[in-house]
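Chains as they are written, first to last, in our numbering: chain A, 60 to 301; chain B, 12 to 229.
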Amino acid sequence: MSIWEYANPVKFIRTTDLVLPWIAAGAAICLVTGLIWGVFFTPDDYRQGSTVKIFYIHVPAAMMAINAWAMMLVASLIWIIRRHHVSALAARAAAPVGATFTVIALATGALWGQPMWGTWWAWDPRLTSFLVLFLFYLGYMALWSAIENDDTAADLTSILCLVGSVFAILSRYAVLFWNQGLHQGASLSMDAAENVADVFWYPALVCIAGFVLLFVALVFLRTQTEIRARRARALLARERQS
Amino acid sequence: MIALLARDLRLAVRAGGGFGLGLAFFLIVTVMVPFGVGPETALLARIAPGVLWIGALLACLLSLDRIFALDREDGSLDLLATAPLPMEGIVTVKALAHWITTGLPLVIAAPLLGVLLSLPAPGYLWLFASLVAGTPALSVIGTFGAALTVGLKRGGLLMSLLVLPLYVPTLIFGAEAARRGAEGLAVQTPLLMLGGISAGALALLPFASAAVLRINLR
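What follows is the structure, encoded as C-alpha cells:
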C-alpha cells in the first residue's frame, strides 16, 4: 500500500468516487456554517463596520489561490520525475480552480477596498503580486489548451510551472521593493491571521476548512473528468482505426 | 559554438533578417508616447525612464519568435539538435545572438531616445547601466518563451502571455534603477538586484530552455 497506487487512473477514479460525496458534503457544511456564523453571529468591527464580513470569503480564497499553485507545482514535479498521467491531469484540473480563487480574492478585495480605502484598486504590493499570479495562471492554462499532443503539453506546462514558480516568488519580493520606493508601504494591507480577535478567528477557521475541502472536491471531480475525456478520445481513435 | 554565433549574427544582419526592426519599433514607441500623454517637458522627464524601459522590453519581445521559428522551418534546428553541441550550449548561443542583435542596439539607442523625452541629465548614465545589466535577462527569459512555443502555429500572442509575467521582476528593478538615477538617488540596490537576476537567469534558464526544446523536437 503506497500512495503511488493512486497513479493508476482506474484506482484513482474508484477511490475518489468513494470519498468525493463526503468531501463535497464536508465543504458545503463548513462553508454554510462558517459563513452564517461569520456574517450573522459576529459583532461588527468598531472601525470597519459590517464590511469586515468580506474577510470570511476574501482570506480563504486568497490562501487557496496560492496553495493551488503550490499543489500544481508538486503535481508537475511528480509528472516530471515519475511520469504518472493522473498527476499531470490533476495539475491541469487545479489551474482553473486556482485562477477562479484568485479572481474571487481580487474581486472581494476590491469590494472591501472601496469603503475602507476609498478606492477599488491600489498598487499595493499584495494586490499587485496577486494580479501577477493571475497572469501566471492565465499563461499556464493557455499553454495547456494550445498544444495538441497530451504528453508534450504535460511536459511543457510542468516546466512552465517550475520556472513560473521561481519567477512568481521573485515578483512577490520585487513588487515589495518597488512599492516601498513609491508609496507609504504596507499600511494598506491588514495582516489578518496575526491581529484578528478570536470572535472573528473561529468562523474564519471554519471557512478556511470549507475552502480547502471545496478545492479538493473540485480538483478530484475535474481530474476524473479529464481522465474520462482522455479515455473517450482514445476509444474514438481506436474505433476510427478499426 | 562560435561558428553558430557567427552564423546567427550573419543571418540577422543580412537582408531579410530584420536586424533594424526592433530598433525602429523602439523609436516609434518612444515617439508615440508624447502624442499620448502630451508634450509637457516636466511630465515627460518624470516618466522617461519607465517609458524607455517598457519600449526596450516590447522591442525585445517582438523579436523573440525569430530566435527559433526560422531555424525550425528550414530544418536547421533538427540538425543543430543532432550536432555534438549540447542543447544547453545551443540555447545559450541563441540567447547571446539575440542579445547582440536586439538588446545591444537598444542599449546604445536608449540614451539618444532619452533626449526626445527630455530625460534629466544624471539619468543617462544610469539608464544605460540598467539596460546593460537588464537586457541579458530579457534575452535569456525570452529564449525560454520562444523555445516553449516553437512548435505552435501562431504562437506569438501566446508567447507574449507567457513571457511578460516572467519579465515583471526585471522590469521593476530596471525601471527603478533608471528612475532613481534620473532623480539623483542611490541606485546601488536595484542595479545589484538587476544584475543578480540577469546572472541567475543566464546560469539556470538555459537548462529549462534546453529541456523544453528537446520536448518540442521529440
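For each residue, glycine too, the CB sits at the ideal point set by N, CA and C.
Note down, in chain order, every chain A residue with its Cβ under 7 angstroms from the Cβ of residue i.
i	result
L172 of chain B	L197, G198 and A201
A67 of chain B	Within chain A, no residue comes near A67 of chain B; the closest Cβ sits about 18 angstroms away, beyond 7 angstroms.
V42 of chain B	Residues of chain A passing the Cβ test: none, with the nearest at roughly 27 angstroms.
A222 of chain B	I218
F155 of chain B	V222
Does the beta carbon of residue i come closer than 9 angstroms to any beta carbon on chain A?
i	result
L73 of chain B	no
I78 of chain B	no
T146 of chain B	no
G166 of chain B	yes
P176 of chain B	yes
L142 of chain B	no
R229 of chain B	yes
P116 of chain B	no
I208 of chain B	yes
M98 of chain B	no
L159 of chain B	yes
M12 of chain B	no
P201 of chain B	yes
L216 of chain B	yes
G192 of chain B	no
If residue i sits next to residue j, beta carbons under 8 angstroms apart, how far is it from one beta carbon to the other, in whole angstroms?
i	j	result
I206 of chain A	A212 of chain A	4 angstroms
T92 of chain A	V265 of chain A	6 angstroms
H144 of chain A	P68 of chain A	7 angstroms
P236 of chain B	F226 of chain A	Outside the displayed range of chain B (12 to 229) lies residue 236 of chain B, so it cannot be described from this structure.
A158 of chain A	F189 of chain A	11 angstroms between Cβ atoms; not a contact.
P201 of chain B	A210 of chain B	In fact, because the Cβ distance is near 15 angstroms, the residues do not count as touching under 8 angstroms.
V62 of chain B	L128 of chain B	6 angstroms
T216 of chain A	L202 of chain A	5 angstroms
F153 of chain A	A127 of chain A	Looking at the sequence provided, one finds Ala at residue 153 of chain A rather than Phe. That pair is a contact at about 5 angstroms.
L138 of chain B	G192 of chain B	7 angstroms
L169 of chain B	L163 of chain B	7 angstroms
G185 of chain B	S141 of chain B	5 angstroms
G114 of chain B	T146 of chain B	4 angstroms
Between residue i and chain B, is any beta-carbon pair separated by less than 9 angstroms?
i	result
F236 of chain A	yes
A245 of chain A	Because the pLDDT at A245 of chain A is just 39, under 50, the model does not fix this residue reliably, and the value given afterwards should be weighed accordingly. False, the Cβ-Cβ gap to chain B never drops below 9 angstroms.
R73 of chain A	no
In chain A, which residues lie with their C-beta within 9 angstroms of the C-beta of residue i?
i	result
F184 of chain B	A233, F236 and W237
I226 of chain B	D210, T211, D214, L215 and I218
V198 of chain B	Within 9 angstroms Cβ-Cβ: nothing; V198 of chain B doesn't reach chain A, min ~11 angstroms.
L169 of chain B	G198, A201, L202 and A205
Check the Cβ of residue i against every Cβ in chain B and list those closer than 7 angstroms, keeping chain order.
i	result
S230 of chain A	V179 and P180
How would you list, in chain order, the residues of chain A whose beta-carbon sits under 8 angstroms from the beta-carbon of residue i?
i	result
L163 of chain B	A205 and I206
A219 of chain B	I218, L221 and V222
Next on the checklist: Any C-beta of chain B within less than 8 angstroms: which residues of the segment 183-213 of chain A qualify?
Outcome noted: V191, L194, F195, L197, G198, A201, L202, A205, I206 and T211
Which runs of the beta strand (DSSP E) at least 3 residues long sit entirely within the segment 143-221 of chain B? Give them in chain order. none
Margin query: List, from N- to C-terminal side, the alpha helix (DSSP H) runs of 4 residues or more that fit wholly inside the segment 53-91 of chain B.
Written below: 80-84
Next item on the list: Residues of the segment 215-226 of chain A with a CB closer than 9 angstroms to any CB of chain B: list them in chain order, please.
Entry: L215, I218, L219, L221, V222, G223, V225 and F226
### Query
What are the start and end residues of each continuous beta strand (DSSP E) run of 3 or more residues lying completely inside the segment 105-186 of chain A, in chain order?
none
inquiry  = Please give me, in chain order, every unbroken run of the beta strand (DSSP E) with length at least 3 that falls completely inside the segment 89-115 of chain B.
reply    = none
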